[in-house]
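K.L.:
Residue numbers (the working numbering): 1 to 361. Glycine residues also receive a C-beta, built at the ideal position from the N, C-alpha and C atoms.
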């Protein structure tokens with residue numbers, strides 16, 4: 001990797017830049033760059049054949065491709081692999097001269113028409129691979145009686161890394177009706193120990209109650225998301241930094257860690273296996289729109305996850321709203337609830353922002 005701790009916003013796996021040692025001059029020209037690319041994809045190339053640093057930035061695709069990470073790197077490798085070619089390719093972006101930035105879909109469609117090129121999206125690749133491949137398998141199922149009634153618990157295993165995830169299903173799931181869904185990130189401190197530093201545990205409780213009241217729905221509990229993906233040890237260290245004055249975002253940055261490295265592709269595959277095609281998602285986090293909608297799941301409604309703040313997590317909630325775009329407002333007007341439980345009086349004052357944010361808790 002280029003750096004020990006990757007804090008780039010999209011978590012693109014940059015490797016050390018290189019030039020081919022043989023057949024190039026400065027490495028800058030298009031010819032030199034093409035020579036370097038040819039060397040990179042040649043299985044016979046050895047480390048000594050490449051000079052570092054150079055002018056070509058290699059990127060490492062996540063194993064599992066676009067079904068694991070809906071990124072351009074993974075799409076490039078997936079396209080080559082599906083074509084029966086060596087799993088490598090060149091990734092480049094087109095600049096829009098008028099906007100002085102990267103071209104977006106309307107400009108790209110015009111470019112494709114002008115140059116008689118075919119155009120597909122990452123979502124197209126995901127839909128194709130979802131029809132033909134699967135990265136999760138259901139390994140066990142059983143009835144789980146809870147305070148909100150009976151749920152069926154399904155355990156799924158990621159066939160790439162062996163990580164096991166859980167889905168709690170209530171009632172009959174029909175593809176003809178939108179399903180009430182909560183995709184919940186593992187939080188040992190909040191979900192199990194009742195930590196008041198976050199709102200994870202009460203969000204999970206609230207989601208189970210909403211689904212019980214609805215009579216049908218799914219909770220996908222994703223493992224490996226502890227501390228928004230940094231792990232339990234780093235998370236506890238982040239708590240120490242928060243006690244010293246950092247907020248939840250600043251603490252991660254101070255440790256050289258990403259603010260949020262969670263991915264939702266496996267959750268999307270679990271939902272698809274259960275039979276969910278369209279859903280009403282219980283979340284305040286806009287990242288889950290891109291994380292799930294990009295996998296061919298139709299999100300028809302966002303159901304706000306409403307909890308009351310307590311003195312320990314009010315700053316955390318404000319940081320999520322102000323720095324991470326979570327869809328909450330009115331926090332300044334709320335009375336903290338020491339119990340951290342859902343308060344109908346306070347909940348009425350929590351207003352969700354408009355639905356349907358774009359883009360890639």
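For residue 139, is the classification buried or exposed, using 16 other Cβ atoms within 10 angstroms of its Cβ as the cut-off for buried?
P.N.:
exposed
K.L.:
How is the beta strand (DSSP E) around residue 152 delimited, first residue to last?
P.N.:
149-158
K.L.:
Checking the sheet assignment: what are the DSSP bridge partners for residue 184?
P.N.:
Looking at the DSSP output, residue 184 shares a beta bridge with 221.
K.L.:
Could you tell me the boundaries of the beta strand (DSSP E) in which residue 215 lies?
P.N.:
Segment: none, residue 215 is in no beta strand (DSSP E) and carries neither H nor E.
K.L.:
Which residue from 54, 81, 239, 268 puts its Cα closest to that of residue 313?
P.N.:
239
K.L.:
For residue 213, which option in 22, 180, 244, 202 has the closest C-alpha, if you only look at C-alpha atoms?
P.N.:
180
K.L.:
Any chance the segment 217-224 sits against the segment 170-186, with 3 or more Cβ pairs inside 8 Å?
P.N.:
yes
K.L.:
Cutting at 7 Å between CB atoms, please list the residues of its own chain near residue 153, excluding the five before and the five after it.
P.N.:
141, 142, 144, 166, 168
K.L.:
If you count every other CB in all the chains shown that lies within 10 Å of the CB of residue 117, and 16 or more means buried, which is it?
P.N.:
Residue 117 should be labelled exposed.
K.L.:
Kindly list the residues whose CB is nearer than 8 Å to the CB of residue 250, restricted to its own chain and excluding five residues on each side of it in sequence; keep chain order.
P.N.:
241
K.L.:
For the 8 Å Cβ check, are there 3 or more pairs between the segment 68-76 and the segment 42-53?
P.N.:
Of all C-beta pairs linking the segment 68-76 to the segment 42-53, fewer than three are shorter than 8 Å, placing the two stretches out of contact.
K.L.:
Taking all protein chains shown into account, decide if residue 175 is buried (16 or more other Cβ within 10 angstroms of its Cβ) or exposed.
P.N.:
Within a 10 Å sphere around the beta-carbon of residue 175 sit fewer than 16 other beta-carbons, which makes this residue exposed.
K.L.:
So, for residue 198: in the same chain, excluding its five sequence neighbours on each side, which residues have a beta-carbon less than 8 Å away from its beta-carbon?
P.N.:
Within its own chain, the residues whose Cβ lies closer than 8 Å to the Cβ of residue 198, once the five positions on either side in sequence are excluded, are 187, 189, 190, 313, 316, listed in chain order.
K.L.:
Determine the burial state of residue 151: buried for a count of at least 16 other Cβ atoms within 10 Å of its Cβ, exposed for fewer.
P.N.:
Buried, because 16 or more other Cβ atoms sit within 10 Å of the Cβ of residue 151.
K.L.:
Taking the C-alpha atoms as reference points, what is the distance between residue 362 and residue 110?
P.N.:
The first residue shown for the chain is 1 and the last is 361, placing residue 362 beyond what the model contains.
K.L.:
As a quick exercise: from 33, 130, 68, pick the residue whose alpha carbon is nearest that of residue 90.
P.N.:
33
K.L.:
With residue 243 as the anchor, note down where its alpha helix (DSSP H) starts and where it stops.
P.N.:
232-243
K.L.:
Bridge partners for residue 165 per DSSP, in chain order?
P.N.:
The partner list for residue 165 (beta bridge, DSSP) reads 156.
K.L.:
Tell me which same chain residues have a C-beta within less than 7 Å of the C-beta of residue 108, skipping the five on either side of it?
P.N.:
Excluding sequence neighbours, residue 108 sits near 94, 119.
K.L.:
Among residues of its own chain, excluding the 5 on either side of residue 82, which ones have a beta-carbon nearer than 7 Å to its beta-carbon?
P.N.:
none
K.L.:
Rank 258, 325, 305 by C-alpha distance to the C-alpha of residue 280 and give the top, closest one.
P.N.:
305
K.L.:
In this structure, does DSSP put residue 123 in helix, strand or coil?
P.N.:
helix
K.L.:
Assuming residue 91 is part of the beta strand (DSSP E), what are its boundary residues?
P.N.:
Taken as a continuous stretch (DSSP letters only), residue 91 belongs to no beta strand (DSSP E), as it is neither H nor E.
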